[in-house]
Amino acid sequence: MNQDLSIVALIAHASFTVQLVIGMLLLVSLASWSVIFGKLISLSKISNSNAAFEQEFWSGKNLNELYNGVAGKNNGSPLERIFASGMREFLKLRERRVSDATALLDASRRAMRASFQRELDAMESNLSFLASVGSVSPYVGLFGTIWGIMHAFVGLSNLTQVTLATVAPGIAEALVATAIGLFAAIPAVLAYNRFARQIDRSAITLETFIEEFSNILQRNAGTPAPAGANH
């Protein structure tokens, strides 16, 4: 009589420990796919919104008008928030009659660097989860496989005659755990590598903007009306 060796049947006939491991891996895989799709959408929005603001910034628009438009936004791009933090600090010190160009520039740069770090932390959120899924899932699956094989051999010890037909189902049930562990790990690793590269490119864009905007502020630091200057 042929035995049913489909994935569903193998999981159904596996030991409780193996079923528990497989269930955990499936839940982790589902969570990682949720993170992956969320990251795909959020990083794509960040890239598009940064590009749009950068184009507006370099169009020669008045800095004061640009700042007023950005400051009123609830959900701006990372570049907009970095620009707003630097400009806000710059204007605040000018209102206090601080005329030292170095002090103005340093304060603005510190504000932008703090904003940059917040944006980077936000972009990197949940990346550690994907890294953990990619590194741990194969070992969890391997644990399920080893446990399943042990359980299968314990059951075979009571048989007087062991054939391939009696060994195969137990081994196959155990190996399903490793397969599902890899199923959870591989997409997480690929997604982590892709997102890490995207975030690195975004970080370079943000850092480049900080340097370029700092140069503009430095040129305007000695003028009486920096907020209204063009760049």
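Using the numbering used here, you'd call the opening residue of the sequence shown number 23 and step up by one each time.
Even glycine gets a Cβ: it sits at the ideal position worked out from N, Cα and C.
Member of the options whose CA lies at the smallest distance from the CA of residue i
| i | options | result |
| --- | --- | --- |
| L129 | K114, L142, E141 | Contrary to the premise, residue 129 reads as Ala rather than Leu in this sequence. Checked all of K114, L142, E141; the closest Cα to A129 is K114. |
| M46 | A218, A206, Q240 | A206 |
| S236 | W169, V30, L127, R103 | L127 |
| E195 | T167, F175, L204 | T167 |
| S51 | F165, Q77, F105, A201 | A201 |
| L152 | R132, A174, S54 | S54 |
| L149 | Q41, H173, A36, L62 | L62 |
| T230 | S37, R119, R131, T124 | R131 |
| D143 | V30, V40, S224, E234 | S224 |
| G163 | R118, L85, Q41 | Q41 |
| G108 | E87, A136, D122, G82 | A136 |
Coil, strand or helix - residue i by DSSP
| i | result |
| --- | --- |
| W80 | coil |
| A36 | coil |
| R116 | helix |
| N97 | coil |
| N242 | helix |
| N72 | helix |
| N148 | coil |
| G250 | Here G250 scores only 48 on pLDDT, less than 50, and its place in the model is too uncertain to base an answer on. |
Start-to-end residues for the alpha helix (DSSP H) that takes in residue i
| i | result |
| --- | --- |
| N90 | 85–93 |
| E141 | 123–145 |
Supposed close pair residue i, residue j - CB separation, criterion 8 Å
| i | j | result |
| --- | --- | --- |
| V198 | I44 | 7 Å |
| L228 | F112 | Not quite, the Cβ-Cβ distance comes to about 18 Å (not below 8 Å), so this is no contact. |
| P160 | G203 | 5 Å |
| L65 | Q220 | 5 Å |
Stretch pair the stretch 97–108 + the stretch 71–78: three plus CB contacts closer than 8 Å
yes
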